[in-house]
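Encoded as structure tokens, the structure appears first; notes follow it.
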Amino acid sequence: MNVSTGLQKSLLDWFSKNQRDLPWRHTYNPYQVWISEIMLQQTQMDRVAIFFLRWMKEFPDLQTLAKSSEDRVLKCWEGLGYYSRARNILKAAKLILTKHQGQIPDSRKLLLVLPGIGPYTAGAIASISFNRNVPVVDANIERIFARLFNIELRQKTPAAKKLNWQKAEELLPVGEARNFNQALMELGALICRPKNPDCTACPLSSHCLALQYGIIQERPVPQKGQKTIPIEMATGLLLHDGLIFIQQRLENDVWGSLWEFPGGRLEKGEKPEQTVVREFLEETEFKVQVESKITTTVHHYTRYKVTLHCFLVSLYQADPDPVLHAAQEFHWISFESLQNYAFPAGHRKLISYLEESGLFSHKPPGKPD
Ligand code: SF4
357 MNVSTGLQKS LLDWFSKNQR DLPWRHTYNP YQVWISEIML QQTQMDRVAI
407 FFLRWMKEFP DLQTLAKSSE DRVLKCWEGL GYYSRARNIL KAAKLILTKH
457 QGQIPDSRKL LLVLPGIGPY TAGAIASISF NRNVPVVDAN IERIFARLFN
507 IELRQKTPAA KKLNWQKAEE LLPVGEARNF NQALMELGAL ICRPKNPDCT
557 ACPLSSHCLA LQYGIIQERP VPQKGQKTIP IEMATGLLLH DGLIFIQQRL
607 ENDVWGSLWE FPGGRLEKGE KPEQTVVREF LEETEFKVQV ESKITTTVHH
657 YTRYKVTLHC FLVSLYQADP DPVLHAAQEF HWISFESLQN YAFPAGHRKL
707 ISYLEESGLF SHKPPGKPD
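357 is the number of the first residue of the sequence shown in my numbering; add one for each residue after it.
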């Protein structure tokens, strides 16, 4: 038995005994594998399992999804973040329906043409759903390879990416792609974790160069440090005749097509209260005044730490019709109806705060006390 064969066998044996029971592993239906793989990008497994089941209840198959509105899809995605993923899923579903007779393609090449599907997701769908001999490389696998093969290149550099894909291709046992690719991902999630890998339980320990050299803590070689960038923003909950003003962001904007309360970044020397008044005027031509501070939420988004100052504001003009400059649509809605719209995380936190604080409960919508 050569080294690769021994490694493949050890890993496949381990996977057959230790794989987790995940909802999308029951049938390997390509639609379910696709949705789970997109959800798993940037989101923890536990959360994905909950969102996945909710999604399948709402959109049980590709045909149902392809005929759904973007609003409904975004609402179902709310809380997972990175909303372009949901918009791309919908675009891809429509394309699959029209160009592939509703059947998800089994070839990596055809999958790569679809919106939101890159080399990793194409490899995952082709191998996990159809058992095609296609490798995958994700962050878990990059970490395993960096340790297993003692890769001294900085993660995410073009040279490291190229080497990882080459290794994944070389290691893949023909006819076993479904289990082998999943086994690598599972090993990265359960054993070869970013911190404190459990080398004593690892099926690959006898092959691992970083373990042999005692340099596990130094692999993978980290990327150059990225600093967190703090951002301060302010937003206003505008109440008029017991209704709340919300607007829908432009499609190609950050958080495109999601709903929000108007607001924006603080300018130099500006107080949050002043930002809200200015932003309302710029975005909607509404003249508003600040009534009171509601709360401050903090939200982490990629490298950014967003502090959002939230205020209750009122109109001091008679006309409740805005002129939209930063949105595609607006609604005046009741507090209870906020649940029917998809908001970015910071604004959803504000809504949760209002619900928990009871400011709007037990009385008709109006100004909180
Ligand atoms: S022996 Fe340890 S470091 Fe090496 S692959 Fe296994 S868990 Fe990762």
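Every residue, glycine too, gets a C-beta built ideally from N, C-alpha and C.
Worksheet item: Does the Cβ of SER561 lie closer than 7 Å to at least one heavy atom of the ligand SF4?
Response: Within the sequence shown, the letter at position 205 stands for residue 561. Checking every heavy atom of the ligand SF4 against the Cβ of SER561, one is found closer than 7 Å.
Discussion item. Shorter than 7 Å, the distance from the beta carbon of ILE507 to the closest heavy atom of the ligand SF4, or not?
Written reply: Taking the first residue of the sequence shown as position 1, residue 507 is located at position 151. Flag unset: Cβ of ILE507 not near the ligand SF4.
Worksheet item: Cα separation between PRO386 and ILE460?
Response: By 1-based counting over the sequence shown, the position of residue 386 is 30. By 1-based counting over the sequence shown, the position of residue 460 is 104. Distance between the alpha carbons of PRO386 and ILE460 is about 7 Å.
Worksheet item: Would a C-beta distance cut-off of 8 Å place LEU606 and LEU367 closer than the cut-off?
Response: Mapped onto the sequence shown, residue 606 falls at position 250. Mapped onto the sequence shown, residue 367 falls at position 11. Not a contact, by the Cβ cut-off of 8 Å.
Worksheet item: To which residues of the same chain is PHE408 closer than 7 Å at the C-beta, ignoring the five residues directly before and after it?
Response: Here residue 408 refers to the residue found at position 52 when the sequence shown is read from its first residue. Around PHE408: PRO379, TRP380, ILE391, SER392, MET395.
Item to complete: Could you give the DSSP three-state label for VAL646: helix, strand or coil?
Response: Here residue 646 refers to the residue found at position 290 of the sequence shown. Strand at VAL646.
Item to complete: State buried or exposed for ARG376, treating a residue as buried only when at least 16 other CB atoms are found within 10 Å of its CB.
Response: Position 20 of the sequence shown, counting from 1, holds the residue named residue 376. Under this definition ARG376 is an exposed residue.
Discussion item. Let me check understanding here. Comparing Cα to Cα, which of ILE689, PRO618, TRP688 lies closest to PHE667?
Written reply: Here residue 667 refers to the residue found at position 311 of the sequence shown. The candidate whose alpha carbon is nearest that of PHE667 is PRO618.
Fill in: Through-space distance from GLN511 to PRO578, alpha-carbon basis
Start at 1 with the first residue of the sequence shown, and residue 578 comes out as number 222. Start at 1 with the first residue of the sequence shown, and residue 511 comes out as number 155. Rounded to the nearest whole angstrom, the CA to CA distance from PRO578 to GLN511 is 6 Å.
Practice prompt. Can you grab the Cα-Cα spacing for the pair LYS517 / ASP417, in whole Å?
Written response: For the purposes of this step, residue 517 is identified with residue 161 of the sequence shown, where counting begins at 1. For the purposes of this step, residue 417 is identified with residue 61 of the sequence shown, where counting begins at 1. Rounded to the nearest angstrom, the two C-alpha atoms are 34 Å apart.
Worksheet item: Thinking just about the alpha-carbon of each residue, which of PHE699, SER425, LEU519, LYS465 is nearest to the one in ALA449?
Response: Working through the sequence shown from its first residue, we reach residue 449 at position 93. For ALA449, the nearest C-alpha among the options comes from SER425.
Discussion item. Quick check: what's the CA-CA separation for GLU685 versus ASP462?
Written reply: Here residue 685 is taken as the residue at index 329 of the sequence shown, counted from 1. Here residue 462 is taken as the residue at index 106 of the sequence shown, counted from 1. Roughly 39 Å between the two C-alpha positions.
Worksheet entry | Among ILE500, VAL654, GLU639, TYR569, the one whose alpha carbon lies nearest that of LEU527 | Residue 527 sits at position 171 when you count from the first residue of the sequence shown. Among ILE500, VAL654, GLU639, TYR569, the Cα nearest to that of LEU527 is on ILE500.
Item to complete: Flag ALA566 as yes when its Cβ comes closer than 7 Å to any non-hydrogen atom of the ligand SF4, and as no otherwise.
Response: Working through the sequence shown from its first residue, we reach residue 566 at position 210. Yes, Cβ of ALA566 sits closer than 7 Å to a heavy atom of the ligand SF4.
Discussion item. According to DSSP, is GLU641 part of a helix, a strand, or is it coil?
Written reply: Position 285 of the sequence shown holds residue 641. In the structure shown, GLU641 sits in coil (DSSP, three-state: anything other than H, G, I, E or B).
Worksheet entry | Exposed unless 16 or more other CB atoms sit within 10 angstroms - verdict on GLY474 | Within the sequence shown, residue 474 is the residue found at index 118, counting from 1. Exposed.
Practice prompt. Verify the contact flag: LEU504, CB atom, against every heavy atom of the ligand SF4, threshold strictly below 7 Å.
Written response: For the purposes of this step, residue 504 is taken as the residue at position 148 of the sequence shown. Indeed, a heavy atom of the ligand SF4 lies less than 7 Å from the Cβ.
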